[in-house]
Amino acid sequence: MYKLKFTFLLILLTNVSILLSQNFSDNVKPFIAIKETVFAITNVTVVDGTGGAPQNNMTVMVKNGKISYVGPSDKISIAKGTFTIDGAGQTLIPGFVMLHEHMFYTKPFEDEFNIVNMTNTFPRMYLAGGATSIRTGGSVSPFTDLNINKLIKEGKMIGPKMDVTGPFIERENNFSIPQLPILPAGQAPGPMVDYWANLGCTSFKAYMNLSREDLKETLEHAHARGMKVTGHLCSISYHEAAELGIDDLEHGFMVCSDFNKDRTEDHCDYRKAWSGLMALDKDAPAMDSLMKFLIKKDVAVTTTLPVFAPLKNYELIPGGGEQALHPDILEEVKKYSAGDAKSDSIDNIMFTKELYWIKKFFHLGGKLVVGTDPTGSGRTIAGYANIWTLETLIKSGFTTSEAVMLCSLKGAEYLRKQFDTGSIEKGKAADLILMDGNLTIDPGSIRHIRYVFKDGIGYDSKAIFDSVKGKVGLY
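The sequence shown runs -21 to -1, 1 to 454 under mature numbering (1 follows the signal peptide of the UniProt record, and there is no 0).
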């Protein structure tokens, strides 16, 4: 039987390229490389984000910001005059949907921990690194994040679609972080959740020193509005949080306090929690039991690999973004990161365990999602860390299709946006990453992004990264 060609009919009022309806400011226009309302990417390798096998020699059509066709290149006739990108030798994947991002960066001052908003550089860098949608993983300046989101929507800034998390919900602790929001003693968290939800925040994050009663009230107020709560926990165990109904747990299993044998309820002892994980065999039945309980309770787990990456066998800046840092900041990061070999060896052990545990959790059926968390010692920065995450997931044993799905569709599902974005399927937003090379053969291909499409607008990744060279740490 002869294969019949599928003829794709395009009804165009004109063959002249028309910019999509959104108006872009002069700060954004220079970085837009593809602005046609109708275009095709042909002969490309597609990893569609659904977990299905990669497909070669594919064509993806986009019309008015939406994907209108996905199929073999030899089964479509493209109307004459349609703008076409020849994707031969390239790979197309969905835009990243990542769930632990920040608009701030840790910039130590002498020996003091310090947080500074990267209002101008980070939104650009997230998009340049393929993140078309993000959830901020807690805010120290919620108005900044809300305003960035507004300006991006208005076309006045470059950046991803944002799910803005409210300020960290936290009690008094031993950390000296001036920017960290602290709930005063006697003040319940519920009114704080209501206040920021009314102002536009769409999710919330519980932090390390809350009581179970604090978390319970946070969940009640957020869930009453249909909003989700995640947590970087310590005083509350994963098991306790799951029992209370938390939606997500941050940092994979790296901050889990369940295995601290001397644990006191509602009290954080980070060092003992870490020691408990260090002593735990990677195949310990207790960890398997915890994973199965989280799955039973439908709790997602967000792994944030870049912020935990050891130095040995890894880059100083995961993803190779040294050029983005201001030279003085880069020197500070080098100085701060020059720890002793013993400390890095311990980091290596824990990082290897985390890779093992998240794979096990995922293959048991757990809801695994990913993020980057640009904090820590200043080694993790927007965009470059997102690229590194996909590359590292593949190198650690996830298939290319699994890794792409984790970085896209799984995040979209968590945000309840899976019908709009997260995979390359007809009818969804044209949120796409086009890279040179074959990702299925070389995971490093993700470092060679040509264009990032958000709602069908194609941005020049290299031009955006070049625009922030030497500026991270300042702006």
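C-beta: ideal position from N, C-alpha, C; glycine also.
The model shown is predicted, which means the values in this text are computed figures rather than measured ones.
Would Pro160 pass as a contact of Pro146 if the rule is Cβ separation under 8 angstroms?
yes
Can you say whether Met97 is buried or exposed, counting buried as having 16 or more other CB atoms within 10 angstroms of its CB?
buried
Three-state secondary structure (DSSP) at Phe122?
helix
DSSP bridge partner residues for Ser182 (one or two, in chain order):
Thr144 and Lys207
So, with DSSP's three-state summary, where would you put Ser(-1)?
The predicted model places Ser(-1) with a pLDDT of 45, which falls under 50 and marks its position as unreliable; any figure quoted below should be read in that light. Ser(-1) falls in the coil class under three-state DSSP.
Separation of Gly452 from Ile325, as counted between CA atoms:
28 angstroms
Could you give the first and the last residue of the continuous beta strand (DSSP E) run that contains Ser112?
Ala110 to Thr115
What are the uninterrupted segments assigned as beta strand (DSSP E) that are 3 or more residues long and contained completely in the stretch 287 to 351, given in chain order?
346 to 349
Does DSSP put Phe101 in a helix, a strand or coil?
helix
Using 7 angstroms as the cut-off, classify the Cβ of Met82 as near or not near the heavy atoms of the ligand SAH, replying yes or no.
The ligand SAH is not part of this structure, which contains no ligands at all.
Among Met206, Pro9 and Asp245, which residue has its Cα nearest to the Cα of Asn152?
Asp245
Which residues does DSSP pair with Met257 in a beta bridge?
According to DSSP, which records beta bridges pairwise, Met257 is partnered with nothing at all.
Quick check: what's the CA-CA separation for Gly30 versus Val447?
34 angstroms
Considering only residues of the same chain and omitting the five flanking positions on each side of Thr(-15), which have a CB-CB separation below 8 angstroms?
Confidence at Thr(-15) is low in this model, with a pLDDT of 34, below 50, so its placement is unreliable and the value that follows should be read with caution. Counting only Cβ-Cβ distances below 8 angstroms, and skipping sequence neighbours, we find Ile55 and Ser56.
Between Asp90, Asp415, Ile360 and Leu347, which lies nearest to Ser387 when the distance is taken from Cα to Cα?
Leu347
Quick check: what's the CA-CA separation for Asp237 versus Met40?
49 angstroms
May I have a chain-ordered list of the beta strand (DSSP E) segments no shorter than 3 residues that lie completely inside the stretch 25 to 50?
34 to 42
If Ile366 and Gly109 are in contact, beta carbons under 8 angstroms, what's the gap, nearest whole angstrom?
6 angstroms
Would you mind stating whether Ser214 and Cys247 have Cβ atoms separated by less than 8 angstroms?
yes
Near Asn43, which residues of its chain fall below 6 angstroms by C-beta distance, leaving aside the five closest residues on each side in sequence?
Thr16
For Phe62, which option in Tyr217, Gly437 and Gly117 has the closest C-alpha, if you only look at C-alpha atoms?
Gly437
Excluding sequence positions up to five away, which residues of its chain have a Cβ less than 8 angstroms from the Cβ of His305?
Gly449, Lys450, Val451, Gly452 and Leu453
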